[in-house]
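Report on one structure; see the data block that follows.
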Amino acid sequence: MHPYSPSHLLLPHYVRNDISALGLCSVMGSLITTAVGSAWVILGRSLSAVDKAIVCWFLTCGLLHVLFEGYFLVYHATLPSRIDLPAQLWKEYAICDSRYLSEDTFVLSIERITVFLWGPLCLLAAAATAKSSCNRHALQMLGSLAHIYGCLLYFVTSWEEGHRHSRPEPYYFWLYFIGFNAPWIIIPAILMCRSFTEIARGMKSAQELEGRKQG
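When the letters of the sequence shown are read in order and numbered with my numbering, they come out as residues 3 to 217.
Next up, the structure:
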């Protein structure tokens with residue numbers, strides 16, 4: 003027996019978690035808070051608060067993509083039977099989307115793209131922003147667009163299948179499935195607007211300067 007939907011999903015080697023949902027969420031929240039807090043302190047006063055927040059966002063995304071989602075790619079075939087902390091986190095999340103335990107083709111494909119492309123891209127965006135590089139807004143836009151596109155695909159494919167991989171309880175659907183993924187649409191949309199404005203302003207200034215030179 004397992005807690006996933008659909009109930010006929012075959013997980014013959016499934017081992018139940020021995021850490022509560024609250025305990026797992028607390029551990030994950032503590033790890034993210036520690037990473038963000040450490041980055042914020044290391045950056046010091048070299049950047050504005052907004053830029054520091056952007057660095058922390060992309061750094062967190064990059065580490066989650068490369069490490070946490072990288073773990074999933076390595077161990078996805080044996081995930082139901084594993085009881086180490088990352089496996090238990092994935093099994094808890096899978097209550098809202100059992101595709102992560104069923105060798106789903108879409109999930110494996112999008113996770114490979116995320117781990118090998120979007121993860122490094124996020125780390126590059128974080129580094130470029132921390133150094134105030136002239137490429138930072140281009141990298142921020144690319145990373146943000148990747149997140150929005152990937153999240154929308156993730157939501158739409160589940161919707162097309164009638165959300166049959168998610169438990170029917172509103173708690174799992176609205177908090178886990180929607181709540182845990184919504185930041186990867188909302189925050190990137192804000193960052194894209196900001197970077198678009200900065201790039202447009204820079205292009206306008208460059209055009210005005212070129213016009214004065216020609217004049």
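Beta carbons are placed, not taken as given, at the ideal position from N, Cα and C, and that holds for glycine.
Report all residues from its chain with a CB closer than 6 Å to the CB of C63; omit the five preceding and five following residues, and keep chain order.
Here residue 63 refers to the residue found at position 61 of the sequence shown. Correct list, in chain order: C124.
CA-CA distance, V57 and A23?
Your numbering for residue 57 matches position 55 in the sequence shown. Your numbering for residue 23 matches position 21 in the sequence shown. Computed Cα separation, rounded: 29 Å.
So, is P185 buried or exposed, given that buried needs 16 or more other C-beta atoms within 10 angstroms?
As a working note, residue 185 is residue 183 in the sequence shown. When all chains shown are included, P185 counts as exposed.
With a threshold of 16 other CB atoms inside 10 Å of the CB of V52, please say whether the residue is buried or exposed.
As a working note, residue 52 is residue 50 in the sequence shown. By the 10 Å Cβ count, V52 comes out exposed.
In the segment 43-71, which residue ranges form an unbroken alpha helix (DSSP H) of at least 4 residues, counting only runs that do not cross its ends?
Fully enclosed alpha helix (DSSP H) runs of 4 or longer: 51-65.
Could you give the distance in angstroms between the alpha-carbon of Y102 and the alpha-carbon of A96?
Translated into positions along the sequence shown, residue 102 becomes position 100. Translated into positions along the sequence shown, residue 96 becomes position 94. Answer to the nearest angstrom: the Cα atoms are 6 Å apart.
Any idea if A79 is buried or exposed, counting beta-carbon neighbours within 10 angstroms, 16 or more meaning buried?
Against the sequence shown, residue 79 aligns to sequence position 77. Classification for A79: exposed.
Roughly how many angstroms separate the alpha carbons of H15 and L81, rounded to a whole number?
Taking the sequence shown and counting its residues from 1, the one referred to as residue 15 is at position 13. Taking the sequence shown and counting its residues from 1, the one referred to as residue 81 is at position 79. Those two C-alpha atoms are separated by around 9 Å.
Only counting the same chain, and skipping five residues up and downstream in sequence, which positions put a Cβ closer than 6 Å to that of R138?
Reading the sequence shown from its first residue, position 136 is the one you call residue 138. Hits under 6 Å: A130 and T131.
Between I201 and the rest of its own chain, which residues show a CB-CB distance below 8 Å, the 5 nearest in sequence each way excluded?
Working through the sequence shown from its first residue, we reach residue 201 at position 199. Closer than 8 Å at Cβ, skipping near neighbours: H139, A140 and M143.
How do the segment 112-123 and the segment 145-154 stand: do at least 3 beta-carbon pairs fall below 8 Å, yes or no?
Yes, since at least three Cβ pairs between the segment 112-123 and the segment 145-154 fall closer than 8 Å, the two stretches touch.
V43: buried (16+ other C-beta within 10 angstroms of its C-beta) or exposed?
Position 41 of the sequence shown, counted from the start, is the residue given in the question as residue 43. Exposed, by the Cβ-count rule.
Since L87 and V29 are thought to touch, with beta carbons under 8 Å apart, how far apart are those beta carbons, to the nearest angstrom?
Position 85 of the sequence shown, counting from 1, holds the residue named residue 87. Position 27 of the sequence shown, counting from 1, holds the residue named residue 29. At roughly 7 Å, the Cβ-Cβ gap stays under 8 Å, so L87 and V29 are in contact.
CB-CB under 6 Å to M194, same chain, minus the five flanking residues each way: which ones, in chain order?
In the sequence shown, counting from the first residue as 1, residue 194 sits at position 192. Closer than 6 Å at the Cβ level, and outside the excluded window around M194, lie M143 and S146.
Considering only heavy atoms of the ligand FAD, does any lie closer than 7 Å to the CB of D20?
Ligands are entirely absent from the displayed structure, and the ligand FAD is therefore not among its contents.
Report yes if the CB atom of R169 is closer than 8 Å to the CB atom of S7, and no otherwise.
Taking the first residue of the sequence shown as position 1, residue 169 is located at position 167. Taking the first residue of the sequence shown as position 1, residue 7 is located at position 5. Yes.
Go to S111, then tell me how far its alpha helix (DSSP H) extends in each direction, as first and last residue.
For the purposes of this step, residue 111 is taken as the residue at position 109 of the sequence shown. Per DSSP, S111 belongs to the alpha helix (DSSP H) from T107 to I115.
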